[in-house]
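S.K.:
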Amino acid sequence: MTRQKDDALPPTAKVEPGEELLFLPLGGANEIGMNLNLYGCRGQWVVIDFGLGFADDRLPGVDIILPDIAFLEARRDKIAGIVLTHAHEDHLGAVPYLWRRLRLPIYATPFAAAVVRAKLRESGVGDREADITIIPLGGRLKLGPFDMEFVSLTHSIPEPNAIAIRTPFGTVMHTGDWKIDPEPLVGETTDIDRLTAIGEEGVLAMVCDSTNVFRETDAGSEADVRATMGGLVAGRKGRVFVATFASNIARVETIVKAAADANRKVVVLGRGLDRMIKAATETGYLDIAGMLATDREADRLPAERLLYLVTGCQGEPNAALARIARGEHPAAELRRGDTVMLSSRQIPGNERKIGRLLNLLAREGAEVITERDADIHVSGHGGRNELAQMYRWVKPRIAVPVHGEPRHLIEHVALAKSLQVPEAVTVENGAVVRLAPGTPGRIARIASGYLVADGNNDVLPVDGEVMRARKRMLYEGAAFATVVVDKYGELKADPMVALPGLVDPDSEIDTLAADIAEDLAEAIDGLDDDDVLSDVRIHDVTRLALRRRLRTRRGKKPLIDVHVVRI
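This is the structure:
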């Protein structure tokens, strides 16, 4: 079908599913990450995944972005629950930030349940407060009109699941994230028999990962990384630092085994790694306790006996690796001749952060090895051939690509059509798609957007006053003025002016600040007898004078704050 532009559909808040099957992404259909999907049928909704994303330089002071859940909050009593496909941050990471706004039951397989429970504890949500139901691998769950079957796949984390959602209007295969890995090393292989059997039953639509739709080659196997990693670690003389995605338990096991084979002890640095290792140990996927060393034990070991497994493969400034590179980590230091391996891929949007990290490491004299230098990473997402194979197994009548930027989704539609899938729909966040009955297509558009996690788990609107002020200060600077007047409106001292981010304090600040102070005094002196008795009028005339002078002298429109003190 032809692509329907959302600008032809005015935003509405009145989308309620009746005798139909609706699909509505609120995250993950404009970007790679931050997945949040809704299915609606016969007056009820179910949420599939509840993920976060990572901010770029356009959001100063922010590391994490979240989907706006206003649509969910307005329908909380009509939502049957949150179902998680797997334990990656972009599929469950928003839960600790936003769960208290919804207080919905959560359903997940054992590993994802262990991870989300730990994250909720860290955010102050007790075990008795959150209702988390563990679904066994291959299990089924019925919520209202939705009968859901978990189907084991392979990815870069234990227990990735596709969910076959059976409804009165047909079955939807929601794939989550996946690839085809014959040797995942940790966890089950892809359950091809179930995928094929469900496909033979008849599948109305497949909502499918689009991450690697442009990649001609297959994703590759974790077994390939294990073969390479052992040789690389064995050949090093100084300390070895390896950064990887904390959730890739097979990769963690590979790194620890490589260290043990090279007679090295492993020191784990990073809260995310600690959390994932604990969850994997609790659920039986990892047994490495005897190969780890504490910080104190590491202090007594020579460099050639140590491997540090650290967070920060995406250049996160507060993660362990970046702090080590800056010489700020209390438990580890980097020396000339040490080796740093980034066993990961570069997530789009993190290029600058990773570039800054690599430069820091190079300046310290470390040898840096990335996936471009050696086979120390394979993707967790299937390439074009794997996508084609999934379509051959499932045989959907409708393709609905998600988990991608617009270019990925458009290319995925083209691929599906080339595979003779009868219908394909391109969606964006906020697009309401009717899958059945009738011809599939967009029927409405709801307002959607983003929130930001700021500071100690504060959640703010991305376009709210705090973020607008922060951006303005970043790009335009700030100007602060304090004026002190008596009860008659007479100035009791010269106005005080501060101009952070606008001028060099060693050059013209004295002149500019003095000139502005004079302007402010003249503006206040020019008020009539009634106006000087009003703090509001003094504030307004001071602010206007300050803004005019800065626009004339500096060509800037900074954040302005004026304080009127009356004594």
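Numbering (full-length UniProt numbering), first residue to last: 1 to 567. In this text, a Cβ means the ideal position worked out from N, Cα and C, and glycines have one as well. Please read these numbers as outputs of a predicted model, since none were measured by experiment.
I'd like the span of the alpha helix (DSSP H) that includes Met229, first residue to last.
M.R.: Where Met229 is concerned, the enclosing alpha helix (DSSP H) stretches over Glu222 to Ala234.
S.K.: Helix, strand or coil for Pro184 per DSSP?
M.R.: Three-state result, Pro184: coil.
S.K.: Are Ala481 and Thr426 close, meaning C-beta to C-beta below 8 Å?
M.R.: No, Cβ-Cβ distance for Ala481 and Thr426 is not below 8 Å.
S.K.: Please work out which residues of its chain come closer than 6 Å, Cβ to Cβ, to Glu364, disregarding the five sequence neighbours upstream and downstream, and give them in chain order.
M.R.: Leu334, listed in sequence order.
S.K.: Quick one: give me the first and last residue of the alpha helix (DSSP H) that Gln389 is part of.
M.R.: Taken as a continuous stretch (DSSP letters only), the alpha helix (DSSP H) holding Gln389 covers Arg384 to Val394.
S.K.: In whole angstroms, give me the CA-to-CA distance for Ile347 and Ala223.
M.R.: Each residue's Cα considered, the two are about 22 Å apart.
S.K.: For the stretch 244 to 251 against the stretch 270 to 277, do three or more pairs of beta-carbon atoms, one drawn from each stretch, fall closer than 8 Å, so that the two count as touching?
M.R.: Judged by Cβ distances under 8 Å, the stretch 244 to 251 makes contact with the stretch 270 to 277, as three or more pairs qualify.
S.K.: From the DSSP output, read off the bridge partner residues of Cys313.
M.R.: None, per the DSSP bridge assignment.
S.K.: Can you have a look at Ala112 and say buried or exposed, based on whether 16 or more other CB atoms are within 10 angstroms of its CB?
M.R.: Counting Cβ neighbours within 10 Å, Ala112 comes out buried, since at least 16 surround it.
S.K.: If you count every other CB in all the chains shown that lies within 10 Å of the CB of Glu522, and 16 or more means buried, which is it?
M.R.: Burial call: exposed.
S.K.: Distance check for Gly220 and Asp458, CA to CA, integer angstroms please.
M.R.: Distance between the alpha carbons of Asp458 and Gly220 is about 39 Å.
S.K.: Measure the C-alpha to C-alpha separation of Pro168 and Val46 and round it to an integer number of angstroms.
M.R.: Going from the Cα of Pro168 to the Cα of Val46 covers about 15 Å.
S.K.: Could you tell me whether the stretch 46 to 62 touches the stretch 433 to 445, where touching means 3 or more Cβ pairs closer than 8 Å?
M.R.: The stretch 46 to 62 vs the stretch 433 to 445: no contact.
S.K.: What residue range does the beta strand (DSSP E) around Phe150 cover?
M.R.: Looking at the DSSP string, the run of the beta strand (DSSP E) that includes Phe150 is Phe146 to Ser152.
S.K.: What is the rounded straight-line gap between the Cα of Ile82 and the Cα of Val116?
M.R.: Those two C-alpha atoms are separated by around 12 Å.
S.K.: Quick check on Arg397: does DSSP put it in helix, strand or coil?
M.R.: Correct three-state label for Arg397: strand.
S.K.: Buried or exposed: which applies to Ser343, given that a residue is buried once 16 or more other Cβ atoms fall within 10 Å of its Cβ?
M.R.: By the 10 Å Cβ count, Ser343 comes out buried.
S.K.: Verify whether the separation of the beta carbon atoms of Ala293 and Val267 is less than 8 Å.
M.R.: Cβ atoms of Ala293 and Val267: closer than 8 Å.
S.K.: If we ignore side chains and look at the alpha-carbon of each, how far apart do His91 and Leu546 end up?
M.R.: Distance between the alpha carbons of His91 and Leu546 is about 47 Å.
S.K.: Where does Val485 fall in DSSP's three states?
M.R.: Three-state DSSP puts Val485 in a strand.
S.K.: For Cys208 versus Val402, is the C-beta distance shorter than 8 Å?
M.R.: Yes; because the gap between Cβ atoms is below 8 Å, this pair is in contact.
S.K.: Going by beta carbon distance, what residues of the same chain come within less than 6 Å of Asp147, once the five residues before and after it are set aside?
M.R.: Within the same chain, Asp147 has close Cβ partners Arg166.
S.K.: If I'm right that Met467 touches Val452 with Cβ under 8 Å, what's the distance once you round it to whole angstroms?
M.R.: Their Cβ separation, rounded to whole angstroms, is 7 Å, which keeps Met467 and Val452 in contact under 8 Å.
S.K.: Excluding five sequence neighbours on each side, which residues of the same chain lie with their C-beta closer than 7 Å to the C-beta of Arg305?
M.R.: For Arg305, where only same-chain residues beyond five positions count, the Cβ hits under 7 Å are Asn263, Arg264 and Lys265.
S.K.: Tell me whether Trp45 sits in a helix, a strand or coil according to DSSP, three-state version.
M.R.: Strand at Trp45.
S.K.: Please classify Asn35 as buried or exposed, where buried requires at least 16 other C-beta atoms within 10 Å of its C-beta.
M.R.: Buried, because 16 or more other Cβ atoms sit within 10 Å of the Cβ of Asn35.
S.K.: Could you give the DSSP three-state label for Lys257: helix, strand or coil?
M.R.: The answer is helix: DSSP assigns Lys257 an H, G or I state.
S.K.: Just checking, does the stretch 299 to 316 make contact with the stretch 349 to 356 on the three C-beta pairs under 8 Å criterion?
M.R.: Yes, they touch.
S.K.: State the DSSP-derived secondary structure class of Thr196, mapped to helix, strand or coil.
M.R.: Here Thr196 sits in helix by DSSP.
S.K.: When you compare each of Tyr285, Phe241 and His412 to Glu253 by their alpha carbons, which one comes out closest?
M.R.: Out of Tyr285, Phe241 and His412, Tyr285 has the C-alpha closest to the C-alpha of Glu253.
S.K.: Shortest alpha-carbon distance to Ala164 belongs to which of Ala332, Leu544, Pro396 and Tyr450?
M.R.: Minimum Cα distance to Ala164 is reached at Pro396.
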